Amino acid sequence: MKSALLATVIAVSLSGCIINVNGANAGPLNHQKKQLQIDAKQIDTLVAETAAGDLNIQGVAGLTQIMVTADIYTYGDIESNLSLKQSGSKAKLVADFDSNISFKRSPYIDLTIQVPSNMMLDIDDGSGDIEIKGVMADIKLDDGSGDVWIKGGKNLNIQDGSGSVQINNTTGKLTLEDGSGSINLKEIGGDTYIDDGSGDLNVANVNGTVVIDDGSGDINVENTLGLSIIESGSGDLSIDNINGSVSMD
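Using mature numbering (1 follows the signal peptide of the UniProt record, and there is no 0), the letters of the sequence shown correspond one by one to residues -26 to -1, 1 to 223.
This is the structure:
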């Protein structure tokens, strides 16, 4: 009777609470590979909500499918949440784990995604490196931590917490808000706005004006159609071949 009562009390006390998993005693990480795909003929945007793990997105000209390969690394009985579904003109990809469990040894999912090159991206990512190439449409990215490398894209709106950022060969405007880490921007196709917390900043060959609000770190800017530095914080400043007005507050 006492044992049954104790079990009931424990079950009630756990209801609605966050469960802490001690990964040190959970055994080795297990690996599982899964593949998902969906017809992309009626889809113009991929919306992705991803947690921990590397993310590799490849734009492929003429592709008519969205194809996802997931390498899932977990342990024990912890299950991943992995799905790809269409909703109107958008496809939604989810790749994460139960939010009610606090992991001391984090499971993660590495994703390789192929999309049509003209498909827009709306990505909300937790942690891990991100590489996007071959996409010729608008890209919106909200990233927690990890390095970001983007080659291509039209209009970009990037919010990054920490980690280095490298962007080149875009055809439209760029808005970048970055917490910490080095930034390297080259061959940007339109007006560029940068709000940077800390880390060196290098900007070259921008077909538009550049506006910079910077906390700390060296700033190097060359070959743009104008430059406005709202705040330069601490660090050296170097500018060259600015084909337009230059202002520094």
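Each residue gets a CB set at the ideal place from its N, CA and C atoms; glycine is no exception.
Everything numeric in this text was worked out from a predicted model, so none of it was measured.
DSSP places G100 in the strand class (E or B) of the three-state scheme.
For L20, the closest of A26, G27 and I31 by C-alpha to C-alpha distance is I31. Between the C-alpha atoms of G189 and L10 there is a straight-line separation of about 42 Å.
Under the criterion of beta carbons closer than 8 Å, M110 and D18 do not qualify as touching, at roughly 13 Å. DSSP places P90 within a strand segment (E or B) once states are collapsed to three. The alpha-carbon of A69 is positioned some 23 Å away from that of S138.
Of V195, L199, A26 and N143, the smallest CA-CA separation from D117 is found for A26. The beta carbon of S172 is closer than 7 Å to those of S154, G189, S190 and G191 in its chain, skipping five residues each way along the sequence.
Three or more Cβ pairs drawn from the segment 126 to 145 and the segment 154 to 166 lie within less than 8 Å of each other, which places the two stretches in contact. Residue range N4 to D13 is occupied by the beta strand (DSSP E) that includes Q9. Take the alpha-carbon of A44 and the one of Q88: they are about 12 Å apart. Per DSSP, the beta bridge partners of Y167 are T149 and V185. Checking the DSSP bridge columns, you'll see Y82 partnered with Y47.
Residues of the same chain with a CB within less than 6 Å of the CB of Y167, apart from the 5 flanking positions on each side, are T149 and V185 in chain order. Taking each of G62, G36, I83 and Y49 in turn and checking the Cα distance to N55, the smallest one comes out for I83.
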